[in-house]
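One structure is given below, encoded as structure tokens.
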Amino acid sequence: MQHQRPRENADAPGGDGKSSPISRYVRITCGSGIQHLPNQLRLGIAHPIAGRRNAYIAPVAMPAVLSRMFSFAPQFERLRIRPGFDCGFPLCKLTDEQLGWLYRYTGSHYDFGCATVIDICPDMSVISCFPLSAFHRRSLFEFNSLEEIHAYYGELHRRIRIEMGGIYEECDNCRFREEHLCAGGCLAHSLNTFRTEHPVRMEEVYF
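Here our numbering is used: the first residue of the sequence shown is 35, the next is one more, and so on.
If you want it as structure tokens, here you go:
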């Protein structure tokens, strides 16, 4: 009986990387006619859409997701791609080793925030960001400037953070959050939590 050699996991650290998401990104980008490969790759995680049902990364799974993400560090270095973070990553779930690699390899400052992005939809409605697309959706014509829109949603964000500091219980007394080094994760998690409670919070945090 002939034994076949087990196939190596190309996505794992130490694999040849030919079938990994990072290498596929390189092949697709180069194959699309782009001559100069962008050396920045923005990484995001799936957040809940407040008030809707969708697949997303639960807070308890964040360490495993980050571990998987950093397993591609050798490929980032080999392909000279610097990773960046989209909003909603919690600072406390990155290890000192992961943070050290980020700062050493990219030389960049990372923002672990959750701020208003402001999207204007085709129907001229305004939303704070995609995960909060059902939360206090307003008409563009209710505002006189972009600054007014940012101020309106910024105040809503502030009130939600008063009611719930972040996606973890320890966010309430977190030094990183108090010193504005981390926002405490995506607000959509908090809004979904509010919907399962009795309405005892500030009226503005409901929708």
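Quick reminder that beta carbons are idealized off the backbone N, C-alpha and C, glycines included. Nothing here was measured: the structure is a model prediction, and the numbers come from that model.
Residue i versus residue j: straight-line alpha-carbon distance, rounded
| i | j | result |
| --- | --- | --- |
| M236 | R195 | 11 Å |
| T140 | F110 | 10 Å |
| R192 | R116 | 32 Å |
| W135 | Q74 | 16 Å |
| R170 | R112 | In the sequence on display, residue 170 carries His and not Arg. Roughly 45 Å between the two C-alpha positions. |
| I152 | F175 | 14 Å |
| F210 | L128 | 13 Å |
| F177 | P124 | 32 Å |
| F228 | Y187 | 18 Å |
| M103 | D145 | 17 Å |
| H214 | C208 | 10 Å |
| G218 | P156 | 31 Å |
| H246 | T230 | Past the edges of the chain, shown from 35 to 241, lies residue 246, and the structure says nothing about it. |
| S101 | E212 | 26 Å |
| Y137 | E131 | 10 Å |
| Y240 | C163 | 16 Å |
| F119 | A107 | 14 Å |
| E242 | P93 | Coverage of the chain is limited to positions 35 through 241, which leaves residue 242 absent and any answer about it impossible. |
| E197 | C216 | 17 Å |
Three-state secondary structure assigned by DSSP to residue i
| i | result |
| --- | --- |
| G134 | helix |
| F228 | helix |
| L221 | helix |
| G67 | In this prediction, G67 scores a pLDDT of 47, lower than 50, which makes its location untrustworthy; no coordinate-derived value is stated. |
Cβ neighbours of residue i in the same chain (closer than 6 Å, five flanking residues each side left out)
| i | result |
| --- | --- |
| V99 | I91 |
| G85 | A168 |
| H184 | T150 |
| S224 | I194 and M198 |
Contact test: residue i Cβ vs the ligand PLP heavy atom, cutoff 7 Å
| i | result |
| --- | --- |
| V94 | No copy of the ligand PLP appears in this structure; indeed no ligand is present at all. |
Cut-off 8 Å between Cβ atoms - residues of its own chain near residue i, not counting five sequence neighbours on either side
| i | result |
| --- | --- |
| C220 | H81, P82, C121, G122, C148, P165 and I201 |
Sequence-distant residues of the same chain with beta carbon closer than 7 Å to residue i, five excluded per side
| i | result |
| --- | --- |
| A89 | A80 |
| M96 | P124 and K127 |
| A243 | Outside the shown range of the chain, which is 35 to 241, sits residue 243, and nothing can be said about it. |
| I154 | V160 and L174 |
| R87 | none |
| C205 | G199, R211 and G218 |
In chain order, which continuous runs of the beta strand (DSSP E) of length 3 or greater are located wholly inside the stretch 154 to 210? The beta strand (DSSP E) runs lying completely inside the stretch 154 to 210 and spanning 3 residues or more are 159 to 161, given in chain order.
Would you list, in sequence order, the uninterrupted beta strand (DSSP E) runs of no fewer than 3 residues that lie entirely inside the stretch 93 to 127? For the beta strand (DSSP E) assignment, the uninterrupted runs of no fewer than 3 residues enclosed by the stretch 93 to 127 are, from N- to C-terminal side, 116 to 119.
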